[in-house]
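Colleague: Just so you know, we're using the numbering used here here: the sequence shown kicks off at 91 and counts up by one. Sharing a structure with you now.
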Amino acid sequence: MATFKFSTGGGTPNPGQWTAIDAGDLNTVAQGYTTFNLAASSETGFDHRINIGADTGRAANSADISQSAILYYDTGISVSDLANGEKNTGVIQIEFEPFGVDNTTSYRTDTTYPQGVMLFTTLATPPFTSGDMGYFGHGMFFVPAGAVNNAYYCFPRTMRTTLATSLQAVLWGFANPFKSLVHTTTFAQTVDSSTKALALSQADFHGFIDDTANNLDQALVGVSQVTDGVSSFSTSASDTIKIGCAFQVGVTNDGTVKTWDFNLRWRKLLSV
């Protein structure tokens with residue numbers, strides 16, 4: 091896969107830098123939540139705050155992206171950016187870095203309003219409907235277990251076949267602070283009825299904790315991966331790749347609003 095060019099002098103190529111996504115470049119779609127908005131974070135070193143609540147709630151054992159509140163960024167990448175040779179494939183990543191997800195905060199202790207977040211890539215513009223092209227899953231979902239919440243992740247899924255998924259297993263045990271969620275999507279040029287198309291071919295999801303004892307980022311539960319070959323595709327130049335976060339919260343009919351403070355970054359590896 092050739093996604094960048096090597097310099098003729100033999101130096102190391104730069105495959106793309108992480109870039110912070112500004113608030114002005116983010117879009118929100120409530121999808122049924124009464125309260126869902128983006129604000130500036132009050133936490134040092136963090137850019138964004140999501141306020142979410144007053145919803146009919148979510149089941150503790152499932153994650154439905156069509157019933158989640160959506161925050162997304164339009165990368166602008168379309169079929170027009172692909173061509174034969176070096177430009178026939180690329181990779182895009184999004185990183186969600188939350189503040190304060192450890193055993194002392196309400197993510198762990200609030201069993202009345204458990205929250206959840208997962209990442210996605212799509213060619214559709216939310217709100218999501220059946221048959222949309224893209225991927226979603228993994229994430230971090232807090233599920234009541236007695237007086238505290240456990241953190242689960244969910245099965246990754248292909249959007250065009252389903253918009254709902256089930257929780258899979260415990261993600262981590264709160265012994266270390268949670269560091270980040272990272273979602274990687276591979277895309278490629280293909281052909282549909284003799285017309286050039288953009289295909290989202292594969293998606294990988296990671297979770298990381300801050301391993302403070304070793305001062306390292308530790309990947310959790312290996313790689314949660316899903317592939318759709320070249321079946322998730324579009325021939326339209328108006329269909330651009332969107333990346334983002336899907337948020338959920340437990341029943342808050344009393345108007346309770348919960349928050350996430352976080353940074354959001356993205357990068358692309360594509361020869362253009």
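Where is the CB? At the ideal position from N, CA and C, for every residue including glycine.
On the three-state DSSP scale, how would you describe Glu-364?
Modeller: Beyond the ends of the chain as shown, which are 91 and 362, falls residue 364; an answer cannot be given.
Colleague: Quick one: measure Cβ to Cβ for Arg-243 and Gly-297, integer angstroms, because I've assumed they're closer than 8 Å.
Modeller: Checking the displayed sequence, the identity of residue 243 turns out to be Tyr instead of Arg. Right, the Cβ-Cβ distance comes to about 7 Å (below 8 Å), so this counts as a contact.
Colleague: Please say whether Asp-307 and Asn-266 have beta carbons closer to each other than 7 Å?
Modeller: Taking 7 Å as the Cβ cut-off, Asn-266 and Asp-307 do not qualify as a contacting pair.
Colleague: For the putative contact between Gly-180 and Phe-277, defined by C-beta atoms under 8 Å, what is the C-beta separation to the nearest angstrom?
Modeller: With 8 Å as the limit, Gly-180 and Phe-277 qualify as a contact, their Cβ atoms being about 5 Å apart.
Colleague: Give every residue of the same chain whose Cβ lies closer than 7 Å to the Cβ of Ile-140, excluding the five residues on either side of it in the sequence, and list them in chain order.
Modeller: Correct list, in chain order: Leu-128, Leu-161, Phe-337, Thr-349, Trp-350.
Colleague: Measure the CB-CB distance between Ala-159 and Gln-121 and report whether it falls below 7 Å.
Modeller: Contact flag set, yes.
Colleague: How about Arg-247 and Phe-226: are their beta carbons less than 7 Å apart?
Modeller: Contact: yes.
Colleague: Please list, in chain order, all residues of the same chain as Gly-221 whose beta carbon is under 6 Å from its beta carbon, the five residues on each side excluded.
Modeller: Arg-250, listed in sequence order.
Colleague: Out of Gly-106, Ala-153, Phe-189, which one is the CA nearest neighbour of Glu-133?
Modeller: Of Gly-106, Ala-153, Phe-189, the residue nearest in Cα terms is Phe-189.
Colleague: Which value, in whole angstroms, describes the spacing of the CA atoms of Asp-344 and Val-272?
Modeller: So the two alpha carbons sit approximately 33 Å from each other.
Colleague: Based on DSSP bridge pairs, tell me the residues matched to Val-272.
Modeller: DSSP output for Val-272 lists Glu-185, His-296 as bridge partner(s).
Colleague: If you compare alpha carbons, which of Pro-234, Gly-106, Phe-295, Asp-171 is closest to Ser-324?
Modeller: Measuring from the Cα of Ser-324, the nearest candidate turns out to be Asp-171.
Colleague: Can you list, in chain order, the residues of its chain with a C-beta nearer than 7 Å to that of Phe-352? Leave out the 5 residues immediately preceding and following it.
Modeller: Taken in chain order, the residues that qualify are Phe-136, His-138, Phe-186, Glu-187, Pro-188, Phe-189.
Colleague: Can you check which of these residues, Gly-224, Thr-252, Gly-114, is closest to Ser-291 by C-alpha distance?
Modeller: Among Gly-224, Thr-252, Gly-114, the Cα nearest to that of Ser-291 is on Gly-224.
Colleague: Give me the DSSP bridge partner(s) of Ala-278.
Modeller: DSSP lists Thr-179, Ala-289 as partners of Ala-278.
Colleague: What are the partner residues of Thr-346, as DSSP defines its beta bridges?
Modeller: Thr-346 is not bridged to any residue.
Colleague: If contacts are defined as beta-carbon pairs under 8 Å, then Trp-356 and Tyr-163 qualify, I think. What distance do you get, rounded to the angstrom?
Modeller: With a Cβ gap of about 6 Å, Trp-356 and Tyr-163 count as contacting.
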